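Numbering (the numbering used here), first residue to last: 8 to 336. The C-beta atom is built at its ideal place from N, Cα and C for all residues, glycine as well. Keep in mind the model is a prediction, meaning the values are calculated, not measured. Remarks on the structure that follows.
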């Protein structure tokens, strides 16, 4: 079957809109390799190049060398830089687009950030804006402040098809046709099923994360440029209401040594999650000497939030799980 390579240059859009012209036509059975840009659309690299952000010495030149001019915004609207859309021949409303993830590759570096007033779970408690840079050149893992080693498990944070409702639509919220779902289990070897609402489906991909904990608690995973290779298929006869996926086992041995768990209990799910996360950040401080901001950044990259119970009124229980296999010393 044909194999296509869709580079980000000239194929980036920053909104969802069924009226966007396809960047590529492909058929079921074809493979498509999407080149993707980091979620900041290169802004972080430009800030490093301009001396506005400090990066580690061994990464500074690498980051600055990759800085490029700001790309165009679709209709002047900012959003995730998404590569696409891909028109899938034969796809029609009511079908299911089958997207097999064959490979997900990262760039050589990544970043995780937090700031007061941001979208993270505890951003109202962050003392100041902070960006942490990760060295991804090993390809298999990245180190954190000389204290922890995090295996890479890259996945596309944003993947979806065009909604039928007239656009443009912002990229930030996930919706019934996919989008910014940030499902960390969507690694190579998984299959995503997306409900098709418009002819050709119009598939787009972006926002690769080198690693992320369930919840993406600071608002960012390990954000990076990347490449996502998929095989396309169509399934008829069952119309999905929301995306579904089939995943492989945990992609790394990160969780093999078990977890340290903190819990939160509250009548609102979000507040229960905040309690659990506060407990985890305190544990990271007490046990490993991490300050609030460093602990928050690390948690966003690897701590999983889980709903432990939603039936014991009046409180929900959320657990925060820290993989014990993370720490090198």
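query	result
So, are the CB atoms of residue 128 and residue 225 less than 9 Å apart?	yes
What do you reckon, are the CB atoms on residue 159 and residue 217 nearer than 9 Å?	yes
So, is residue 219 buried or exposed, given that buried needs 16 or more other C-beta atoms within 10 angstroms?	buried
Could you please give the first and the last residue of the uninterrupted alpha helix (DSSP H) stretch that includes residue 51?	50 to 56
Please look up how many angstroms separate the CB atoms of residue 98 and residue 206, rounded, as I've assumed it's under 8 Å.	7 Å
Just how far apart, CA to CA, sit residue 36 and residue 123?	46 Å
Pick out the complete alpha helix (DSSP H) segments inside the stretch 261 to 300, 4 residues or longer, and give them in chain order.	276 to 295
CA-CA distance, residue 230 and residue 100?	33 Å
Contact check, residue 290 vs residue 213 under 8 Å by CB: the rounded distance?	Not a contact, Cβ separation roughly 34 Å.
When the Cα atoms are used, what is the spatial distance from residue 51 to residue 298?	23 Å
Drop a sphere of 10 angstroms on the beta-carbon of residue 54, count the other beta-carbons inside from all chains shown, and report buried for 16 or more, exposed for fewer.	buried
Nearest-angstrom Cα distance between residue 326 and residue 153?	27 Å
Could you check where the beta strand (DSSP E) with residue 208 kicks off and where it finishes?	208 to 216
With DSSP collapsed to three states, give me the class of residue 65.	helix
Are residue 81 and residue 44 close, meaning C-beta to C-beta below 9 Å?	no
Between the alpha carbons of residue 284 and residue 270, how many angstroms are there, rounded?	8 Å
Note down the Cα distance separating residue 13 from residue 320, rounded to an integer number of angstroms.	50 Å
Evaluate residue 32 with the Cβ neighbour count: other Cβ atoms within 10 Å of its Cβ, from every protein chain shown; 16 or more gives buried, anything less gives exposed.	exposed
Opposite residue 168 in the DSSP bridges: which residues?	210
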